[in-house]
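K.L.:
Top line first, the protein sequences correspond to chains C and B.
With this note's numbering applied, the first sequence covers 1135 to 1788.
With this note's numbering applied, the second sequence covers 4 to 181.
No residue lacks a Cβ here, since even glycine has one placed at the ideal position from N, Cα and C.
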Amino acid sequence: MIPELGHFALALALALSLAQAAFGLWGAQRAQPRLMAATAPLAAGTLIAVGAAFASLMWSYAVNDTTVSAVVQNSHSAKPMLYKLTGTWGNHEGSMVLWVFILALCGGAVAGFGRRLPSTLQARVLAVLALVAVGFLAFILGTSDPFERVWPPPMDGQGLNPVLQDPGLAFHPPLLYLGYVGFSVTFAFAIAALIEGRVDAAWGRWVRPWALAAWSFLTLGIALGSWWAYYELGWGGYWFWDPVENASLLPWLAGCALLHSAIVVEKREALKTWTVFLALLAFGLSLLGTFLVRSGVLNSVHAFANDPARGVFILALLMLYVGGGFALFAWRAAAMAPTGVFAPLSREGALVLNNLLLCSIAAVVLVGTLYPMFADLILKQKISVGPPFFNSALLPLAAPLIGAMSFGPMLPWKRARLWPALQRLWWAALGGFAALLLCLALEGERIGPALGFAAAAWLILGAAADIADRIALFSRPRAALARARGLPRAAWGGAIAHAGLGVTMLGLAGMGLATDRLALLKPGQSASLAGYDYRLDGVGDVAGPNFSARRATVTVSRDGQTVTVMTPERRSFPLSRMTTTEAAIHTTWLRDLYVVLGDERDGGAVLRIHNNPLAPWIWFGAGIMAIGGGISLSDRRIRVSAPAAKLARGEAAA
Amino acid sequence: MTRKRRRLYLLLLCGLGLGSATALSLSAFQDNLVFFRSPSDIAREAPAPDRAFRLGGLVETGSVQRETTPDGRPEARFRVTDGHSTIPVTYVGVLPDLFREGQGVVTLGKLGPDGVFHATEVLARHDENYMPPEVAEALKRSGHWNPDQGAPPPAATWNTLEPTSASGTASPGGRSGS
Chain C
1135 MIPELGHFAL
1145 ALALALSLAQ
1155 AAFGLWGAQR
1165 AQPRLMAATA
1175 PLAAGTLIAV
1185 GAAFASLMWS
1195 YAVNDTTVSA
1205 VVQNSHSAKP
1215 MLYKLTGTWG
1225 NHEGSMVLWV
1235 FILALCGGAV
1245 AGFGRRLPST
1255 LQARVLAVLA
1265 LVAVGFLAFI
1275 LGTSDPFERV
1285 WPPPMDGQGL
1295 NPVLQDPGLA
1305 FHPPLLYLGY
1315 VGFSVTFAFA
1325 IAALIEGRVD
1335 AAWGRWVRPW
1345 ALAAWSFLTL
1355 GIALGSWWAY
1365 YELGWGGYWF
1375 WDPVENASLL
1385 PWLAGCALLH
1395 SAIVVEKREA
1405 LKTWTVFLAL
1415 LAFGLSLLGT
1425 FLVRSGVLNS
1435 VHAFANDPAR
1445 GVFILALLML
1455 YVGGGFALFA
1465 WRAAAMAPTG
1475 VFAPLSREGA
1485 LVLNNLLLCS
1495 IAAVVLVGTL
1505 YPMFADLILK
1515 QKISVGPPFF
1525 NSALLPLAAP
1535 LIGAMSFGPM
1545 LPWKRARLWP
1555 ALQRLWWAAL
1565 GGFAALLLCL
1575 ALEGERIGPA
1585 LGFAAAAWLI
1595 LGAAADIADR
1605 IALFSRPRAA
1615 LARARGLPRA
1625 AWGGAIAHAG
1635 LGVTMLGLAG
1645 MGLATDRLAL
1655 LKPGQSASLA
1665 GYDYRLDGVG
1675 DVAGPNFSAR
1685 RATVTVSRDG
1695 QTVTVMTPER
1705 RSFPLSRMTT
1715 TEAAIHTTWL
1725 RDLYVVLGDE
1735 RDGGAVLRIH
1745 NNPLAPWIWF
1755 GAGIMAIGGG
1765 ISLSDRRIRV
1775 SAPAAKLARG
1785 EAAA
Chain B
4 MTRKRRRLYL
14 LLLCGLGLGS
24 ATALSLSAFQ
34 DNLVFFRSPS
44 DIAREAPAPD
54 RAFRLGGLVE
64 TGSVQRETTP
74 DGRPEARFRV
84 TDGHSTIPVT
94 YVGVLPDLFR
104 EGQGVVTLGK
114 LGPDGVFHAT
124 EVLARHDENY
134 MPPEVAEALK
144 RSGHWNPDQG
154 APPPAATWNT
164 LEPTSASGTA
174 SPGGRSGS
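As structure tokens, then:
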């Protein structure tokens, strides 16, 4: 009964969304206040309906209802409750329901928080969001029904892929989707602006929080996925330039460009067309990511669906939304007159450079991701593009981006001079140079990591210099604390996010110095790596809730002192007939000791030992970036939108 | 600055960005594209010894030997076949959990002058029924396997099989893991 209710709720949401789209577009066009006023309650109704569908799907998983086909294929009664619930979105059908649920949440948020928006703009934004929802609801109902029943019901489900039974991956998709789908709101704002033919500072102010929120969630989602790959897949790496990873990186890059160019629209009313274009691009790349992952075209580790009908449907949706958006852009963009004028060397100029480089990076990643598919389809060649391509093509673009990152916030709007900025940044540059030399002195000729450390020092010190300059820490130290309190949260957020990237760079540079070795050890023997001795004490059998494992006990010591005991495992899951490797990781913040158990033979076991300097800082830095985004989001000027503030002042005067 | 000139500058900048991205991609493509080769492809035309490529096929049954190098590292030797030709492979490292004789495998590495493929990576997926798409394609091309008729026949018999007699048990499907 509950699954049928869920199915009905999805159909109801489709009907409500259709009404919301029609009322919003028609009402705004004809200036019918009653039609426009209906969009917000309809958005709330859609949210309730999709929420009910999502809850009933979750309920089916929680009680392990084996008459539901998706539950049979992806769940099992012996699974821990957490993974039963998170298994809801661990498969194609469920993840699409999650996608639409988050979209409905965004619609509800625009309806709820957007009361201060002009009514036509709000109606159009809600209508565009509803149009997106219509497409994806039709996709779910038409090609991937999550509530399909099976009869007769099997005794139990087939279990979830054990690699996915992990807390990191349980929350990776929701965060990632909050990012992907968050860009649907900026997309809707861009489409509404194109229809109205008007973009102004207020528009920039409304778009920026959405871009910031989506970007922050996407940052967290990507970091969580990367961290999961690091500890769960047992390869010792954190980023593989896998097409699925690239699919999430592309909207992140576009979103990063968008949230920066939205500042220019807000402050200076310049770069309007460009910002609208970026908003379309960010959502287009989000949809492309969804298409790549959901259609199964990649056939990489993440591909779930093997059904071409789904791929064609999502491709059609992609064409419709992105093609429609860009067609509208080509038709209407000329109507938006730019007003703000600026010199090439200015804050605006720096932000243009940021956009240019981020978009170039996105273009390179896009080419590297899609080219193997084109080569396969058109040239009939099987080609893969691996890390060497991305490393050599992206370094020349990332280096100037990072170089300009500390400069940008130092430059004044409209027109700037290089010398004053240089004067305030000399110690950051000195720190970067010192880090470069220090790394070269300690580690020998390792250019890549040395440049990474220099970039990290430059970014972190540059952010510190920015804050120190704004609060006049050195010129008037007494007033510094008061000024720090009065500094807009957006300035703090920006500096913290920039420093966060510096922290991530620190981790990346450290991982550039990572070493590993293989050793075939008999119990009692030991191997040493980077000053640590790893002694294999023995290998034994362990039983888990739904797996059995071989567990090695490895005692790690340094200079005769025992540091820790590590227990890497190889787990075999009888239900899905799969084996997974559980790496043992001991972190000291300065380095990760990482041990993987390989095969056993000749009375011993093969161990792969990694020494990963500074590895945790990669994800820690991403967390700092997201926190920076959050702090920026709590800025007063974002919470209080411009027209409302004027209104309040008017009332006070009266 | 007039509106026209601003637009010109903006277009120039966009062109610059796109142009540099294209140039960087192309130059990186030149050195870093990794081609897929089946054993038959290599028999037909040996790739340059300094160029990394991916070799895929089935692991020949009975060909896997696990040894230890003089410095104590584990080394695996096996042969990869697509029915027509066979290439010997050596790999120093931990083989993936699902590496099995008779199953599809993709390896990344370089072909030595001695005709032995030195793999730096062995890819096998988290699902024992998974067949790498490139390998499936290579097997179909060599006429040994029609995926619609079921699972591939045992790899040991590949060099002696007639191309038309390929058939097997019911296919468990081609879902790839995670």
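Is the CB-CB distance between C/SER1420 and C/VAL1486 below 9 Å?
P.N.:
By 1-based counting over the first sequence, the position of residue 1420 of chain C is 286. By 1-based counting over the first sequence, the position of residue 1486 of chain C is 352. No, the pair does not count as a contact, with Cβ atoms beyond the cut-off.
K.L.:
Of the residues C/LEU1642, C/GLY1737, C/ASP1693, which one's Cα is nearest the Cα of C/GLY1674?
P.N.:
For the purposes of this step, residue 1674 of chain C is identified with residue 540 of the first sequence, where counting begins at 1. Of the candidates C/LEU1642, C/GLY1737, C/ASP1693, the one whose C-alpha sits nearest the C-alpha of C/GLY1674 is C/GLY1737.
K.L.:
Based on DSSP bridge pairs, tell me the residues matched to C/LYS1218.
P.N.:
Position 84 of the first sequence, counting from 1, holds the residue named residue 1218 of chain C. None; C/LYS1218 has no bridge partner.
K.L.:
Decide if C/ALA1363 is buried, meaning its Cβ has at least 16 other Cβ atoms within 10 Å, or exposed.
P.N.:
Here residue 1363 of chain C is taken as the residue at index 229 of the first sequence, counted from 1. It is buried - the Cβ of C/ALA1363 has at least 16 other Cβ atoms within 10 Å.
K.L.:
Starting from the C-beta of C/LEU1670, find all residues in its chain whose C-beta is less than 8 Å away, skip the five residues before and the five after it, and write them out in chain order.
P.N.:
Taking the first sequence and counting its residues from 1, one reaches residue 1670 of chain C at position 536. Taken in chain order, the residues that qualify are LEU1655, LYS1656, PRO1657, GLY1658, GLN1659, SER1660, ALA1686, THR1687, VAL1688, GLY1738, ALA1739, LEU1741.
K.L.:
When you compare only the Cα positions, how much space is there between C/LEU1552 and C/ARG1481?
P.N.:
For this step, residue 1552 of chain C is matched to residue 418 along the first sequence. For this step, residue 1481 of chain C is matched to residue 347 along the first sequence. Distance between the alpha carbons of C/LEU1552 and C/ARG1481 is about 11 Å.
K.L.:
By the criterion of Cβ-Cβ separation under 8 Å, what are the contact partners of C/ILE1517 in chain B?
P.N.:
In the first sequence, residue 1517 of chain C corresponds to position 383, counting from 1. Neighbours of C/ILE1517 on chain B, chain order: LEU36, VAL37, PHE38, PHE39.
K.L.:
Identify each residue in the region 1641-1655 of chain C for which the Cβ-Cβ distance to at least one residue of chain B is less than 8 Å, and report them in chain order.
P.N.:
ARG1651, LEU1652, ALA1653, LEU1654
K.L.:
Where does B/ARG8 land, buried or exposed, given buried means 16+ other C-beta within 10 angstroms?
P.N.:
Within the second sequence, numbered from 1, the residue matching residue 8 of chain B stands at position 5. Burial call: exposed.
K.L.:
Go ahead and pull the three-state DSSP assignment for B/THR110.
P.N.:
Against the second sequence, residue 110 of chain B aligns to sequence position 107. Strand at B/THR110.
K.L.:
Between which two residues does the alpha helix (DSSP H) carrying B/PRO91 extend?
P.N.:
Counted from its first residue, the second sequence places residue 91 of chain B at position 88. Run containing B/PRO91: none in the alpha helix (DSSP H); it sits in the beta strand (DSSP E), 89-95.
K.L.:
Just mark C/GLU1703 as buried or exposed, buried being the case when its beta carbon has 16 or more other beta carbons within 10 Å.
P.N.:
Here residue 1703 of chain C refers to the residue found at position 569 when the first sequence is read from its first residue. Label assigned to C/GLU1703: buried.
K.L.:
Let me see if you follow: with CB-CB separation under 9 Å, is B/SER30 close to chain C or not?
P.N.:
Walking along the second sequence from the start, residue 30 of chain B turns up at place 27. Answer yes: the Cβ-Cβ gap between B/SER30 and chain C drops below 9 Å somewhere.
K.L.:
Spatial neighbours of C/ALA1388 within its chain, please: CB distance less than 7 Å, with the 5 preceding and 5 following residues excluded, ordered by chain position.
P.N.:
Here residue 1388 of chain C is taken as the residue at index 254 of the first sequence, counted from 1. Excluding residues within five positions, the ones whose Cβ falls inside 7 Å are LEU1412, LEU1415, ALA1416, LEU1419, ALA1496.
K.L.:
Ignore the nearest five residues each way along the sequence and tell me which others in C/THR1254's own chain have a CB closer than 6 Å to its CB.
P.N.:
In the first sequence, counting from the first residue as 1, residue 1254 of chain C sits at position 120. If we look at C/THR1254 and ignore the five residues flanking it on each side, its Cβ neighbours are ALA1162.
K.L.:
Keeping to the same chain, check which residues put their C-beta closer than 7 Å to that of C/ALA1324; ignore five residues upstream and five downstream.
P.N.:
As a position in the first sequence, residue 1324 of chain C is number 190, starting the count at 1. Excluding residues within five positions, the ones whose Cβ falls inside 7 Å are VAL1410, ALA1413, LEU1414.
K.L.:
Less than 7 Å between C-beta atoms, sequence neighbours within five positions excluded: which residues of the same chain meet that for C/LEU1112?
P.N.:
This structure gives no information on residue 1112 of chain C, because the portion of chain C shown stretches from 1135 to 1788.
K.L.:
According to the Cβ coordinates, are C/ALA1143 and C/ALA1178 closer than 9 Å?
P.N.:
Translated into positions along the first sequence, residue 1143 of chain C becomes position 9. Translated into positions along the first sequence, residue 1178 of chain C becomes position 44. No, the pair does not count as a contact, with Cβ atoms beyond the cut-off.
K.L.:
Closest Cβ-Cβ distance between C/MET1712 and chain B: below 9 Å?
P.N.:
Indexing the first sequence from 1 puts residue 1712 of chain C at position 578. Against chain B, the CB of C/MET1712 has a partner CB under 9 Å away; the residue lies at that interface.
K.L.:
For the region 1584-1646 of chain C, list the alpha helix (DSSP H) runs that are entirely contained and at least 4 residues long, ordered along the chain.
P.N.:
1614-1620, 1623-1646
K.L.:
With a threshold of 16 other CB atoms inside 10 Å of the CB of C/VAL1268, please say whether the residue is buried or exposed.
P.N.:
Residue mapping note: residue 1268 of chain C aligns to position 134 of the first sequence, counting from 1. Buried, because 16 or more other Cβ atoms sit within 10 Å of the Cβ of C/VAL1268.
K.L.:
Between the region 67-93 of chain B and chain C, which residues of the former have a C-beta closer than 8 Å to a C-beta of the latter?
P.N.:
Those would be ARG69, THR71, GLY75, ARG76, PRO77, in chain order.
K.L.:
So which residues on chain B does C/LEU1419 lean against when the C-beta distance must stay under 9 Å?
P.N.:
Here residue 1419 of chain C is taken as the residue at index 285 of the first sequence, counted from 1. Result: empty, since nearest Cβ-Cβ is about 15 Å, beyond 9 Å.
K.L.:
Mapping the DSSP letters down to three states, classify B/THR123 as helix, strand or coil.
P.N.:
Position 120 of the second sequence, counted from the start, is the residue given in the question as residue 123 of chain B. Correct three-state label for B/THR123: strand.
K.L.:
Contact defined as beta carbons within less than 8 Å: I believe C/LEU1169 pairs with C/PHE1157. What is the distance between those atoms, to the nearest angstrom?
P.N.:
Numbered from its first residue, the first sequence carries residue 1169 of chain C at position 35. Numbered from its first residue, the first sequence carries residue 1157 of chain C at position 23. The Cβ separation is near 5 Å, so the contact holds.
K.L.:
Near C/LEU1139, which residues of its chain fall below 6 Å by C-beta distance, leaving aside the five closest residues on each side in sequence?
P.N.:
Counted from its first residue, the first sequence places residue 1139 of chain C at position 5. Counting only Cβ-Cβ distances below 6 Å, and skipping sequence neighbours, we find SER1190.
K.L.:
Along chain B, which residues have their Cβ under 7 Å away from the Cβ of C/ARG1735?
P.N.:
Position 601 of the first sequence, counting from 1, holds the residue named residue 1735 of chain C. Simply ARG69.
K.L.:
In chain C, which residues lie less than 8 Å from B/LEU98 when you measure between Cβ atoms?
P.N.:
On the second sequence, position 95 is the one that residue 98 of chain B refers to. Proximity of chain C to B/LEU98 at the Cβ level (cut-off 8 Å) is accounted for by GLY1732, ASP1733, in chain order.
K.L.:
Mind pulling the chain C residues with CB within less than 9 Å of B/GLY105?
P.N.:
Here residue 105 of chain B refers to the residue found at position 102 of the second sequence. By Cβ distance, chain C contributes nothing, its closest Cβ being about 16 Å from B/GLY105, past 9 Å.
K.L.:
Once DSSP output is grouped into helix, strand and coil, what is the label at C/TYR1732?
P.N.:
Start at 1 with the first residue of the first sequence, and residue 1732 of chain C comes out as number 598. First, the amino acid is wrong: residue 1732 of chain C is Gly here, not Tyr. DSSP places C/GLY1732 in strand when its eight states are reduced to three.
K.L.:
For the region 1367-1408 of chain C, which segments carrying the alpha helix (DSSP H) assignment without a break, of at least 4 residues, lie completely within its bounds, in sequence order?
P.N.:
1377-1402
K.L.:
Can you say whether B/TYR12 is buried or exposed, counting buried as having 16 or more other CB atoms within 10 angstroms of its CB?
P.N.:
Here residue 12 of chain B refers to the residue found at position 9 when the second sequence is read from its first residue. By the Cβ-count criterion, B/TYR12 is exposed, with fewer than 16 other Cβ atoms from all chains shown falling within 10 Å of its own Cβ.
K.L.:
Assess, as a yes-or-no matter, whether the region 1397-1411 of chain C is touched by the region 1495-1514 of chain C under the definition of 3 or more beta carbon pairs within less than 8 Å.
P.N.:
no
K.L.:
Since C/PRO1137 meets chain B, which of its residues come closer than 8 Å, beta carbon to beta carbon?
P.N.:
In the first sequence, residue 1137 of chain C corresponds to position 3, counting from 1. By Cβ distance, chain B contributes nothing, its closest Cβ being about 23 Å from C/PRO1137, past 8 Å.
K.L.:
Is there contact between the region 15-29 of chain B and the region 63-81 of chain B, where contact requires at least three CB pairs shorter than 8 Å?
P.N.:
Cβ pair count under 8 Å is below three, so no.
K.L.:
In the DSSP assignment, the beta strand (DSSP E) including C/PRO1747 goes from what residue to what residue?
P.N.:
Within the first sequence, the letter at position 613 stands for residue 1747 of chain C. Looking at the DSSP string, the run of the beta strand (DSSP E) that includes C/PRO1747 is 1738-1747.
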